[in-house]
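End of the sequence shown sits at 150 in the UniProt record's numbering; the numbers just go up one at a time, nothing left out.
Note that the Cβ used here is the ideal one computed from N, Cα and C, for glycine as well.
Bear in mind the structure is a predicted one, so any value in this text is a computation, not a measurement.
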Amino acid sequence: MMNQLSAETIAIVKATAPALRSHGVEITTAMYARLFQDASIKDMFDQAAQESGEQPKRLAAAILGYAENIDKLQALTGAVERMVQRHVETGVKAEHYPKVAEALLPAIRDVLGAEVATDAVLEAWGKAYWFLADILIGKEAQAYEDAEAA
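Shown next as structure tokens:
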């Protein structure tokens, strides 16, 4: 679990915001194509939202919001809480996060190309992804515990 992100990681992720604004839906669409090769994960998602493009748009907006606010995460509190609620409703568990990372990071490179999505950019996004994933995993674990206790 990462306690904080370095200034360099934050700067690199923030610098990707313009590319995410232009290509975010393309990235998330490519990510879902990779992720849904695992049928058990595909079954967790509303396929109508996938086919309409709504889910890739929502995720692209969330990723862009994260990139733009990575240095002021308190601005994302509401979005994180909604994400946790949705993840708990759909049964997302800690073991799903590595699969998403394995789909997202290559999708960033595939869409943006190696000249933009350099190794340093992918490394920064990997750190940023796991930083946020650790927050979500912790909050989701608490929500699952609270639900079991109720």
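Taking C-beta atoms as the reference points, residue 23 and residue 100 fail to come closer than 8 Å.
Judged by beta-carbon spacing, residue 128 lies beyond the 8 Å limit of residue 34, meaning their Cβ atoms are not closer than that value. Assigned with DSSP and collapsed to three states, residue 55 falls in helix.
In this structure, DSSP gives residue 85 a helical state, which the three-state scheme calls helix. Cα atoms of residue 81 and residue 92: separation of roughly 14 Å, rounded to the nearest angstrom. Taking a C-beta distance under 8 Å as the contact criterion, residue 70 and residue 5 qualify as a contact pair.
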